[in-house]
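My numbering applies: residue 84 is where the sequence shown begins, and numbers increase by one.
We treat Cβ as the ideally placed atom computed from N, Cα and C, and that holds for glycine.
Working notes for the structure below.
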Amino acid sequence: MNAYPIQPYAQLPYVDPAFLLNGGNVRRETIPQGRYGARSDLTALTTQVMLSVAIVLQKDDLITSLTFRSGGTAANTPTNWWFALYSSAATPALLGQTADQTSTAWAADEEKTVALATPKRISEAGVYYVSIMMKATTPVSLAGIALDHAELSTGIVTGQKLLACTSGSSLTDTAPATIATPTAVVNIPYAVAS
84 MNAYPIQPYA
94 QLPYVDPAFL
104 LNGGNVRRET
114 IPQGRYGARS
124 DLTALTTQVM
134 LSVAIVLQKD
144 DLITSLTFRS
154 GGTAANTPTN
164 WWFALYSSAA
174 TPALLGQTAD
184 QTSTAWAADE
194 EKTVALATPK
204 RISEAGVYYV
214 SIMMKATTPV
224 SLAGIALDHA
234 ELSTGIVTGQ
244 KLLACTSGSS
254 LTDTAPATIA
264 TPTAVVNIPY
274 AVAS
């Protein structure tokens, strides 16, 4: 009997098999194919605007940190950057944020894993959002995938959640309380919640 039956992505989010080598810690990823699917170098960030990407989390997942990977462009003179976790509500609410990384350098082709200020236990399965914001002369590019049309990010049948969106402006050290007035985008960054 197969100990790991194959199930549709809609029922079970992609879990990197490497978690089995990491003490069984849960790793949830924003792209169903995981690292295999993150083929693009995305110019996805606009300085001081938050970019959020959908991630499926399961009940009782304990999220302690968030990870994004830069593409071929390093951050040029960052002054603020952070990651955040948002709820699965119709207007997603802030569940947790990392410390502001201020001027910490972020090189090209480098992953950054940053701990949430307070770990978050997920109370119900659903589509949540992981977010990134960078204030910099030039923000990092991000590894991920690019859709052909923003409408695909919005959804093509009733009930589908946004895949990725931008929101906010003039952001600095604090994540907004909600993802308000989201704008669907074609860039889907690869991120990991663990």
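Straight-line Cα distance separating residue 222 from residue 151: 13 Å
Requested in this report: Select from 277, 253 and 124 the residue whose C-alpha is nearest the C-alpha of residue 216.
Outcome: 253
**Asked** Rounded to whole angstroms, how far is the Cβ of residue 190 from the Cβ of residue 157, which I believe are closer than 8 Å?
**Response** 5 Å
Establish whether the CB of residue 170 and some CB of chain B are separated by less than 8 Å. Among the chains of the structure shown, chain B does not appear; only one protein chain is present.
message: With a threshold of 8 Å, are at least 3 pairs of Cβ atoms found where one atom belongs to the stretch 219-239 and the other to the stretch 122-130?
response: yes
For this session: Assign residue 264 to one of three DSSP states: helix, strand, or coil.
Result: coil
Report task. Output yes or no for whether 8 Å exceeds the beta carbon distance between residue 236 and residue 269. Result -> yes
### Task
Report the rounded CA-to-CA distance for residue 186 versus residue 219, giving the unit in angstroms.
9 Å
Residue 272 versus residue 141: straight-line alpha-carbon distance, rounded: 20 Å
Tell me the rounded alpha-carbon separation between residue 115 and residue 277.
16 Å
Beta-carbon contacts of residue 104 that lie in its chain and below 8 Å, excluding the five residues immediately before and after: Annotation note: pLDDT 41 at residue 104 (below 50); position unreliable, no value reported.
* Nearest to residue 130 (by Cα), restricted to the options 165, 137, 145 and 113 -> 165
Checklist line | Three-state secondary structure (DSSP) of residue 194 | finding: strand
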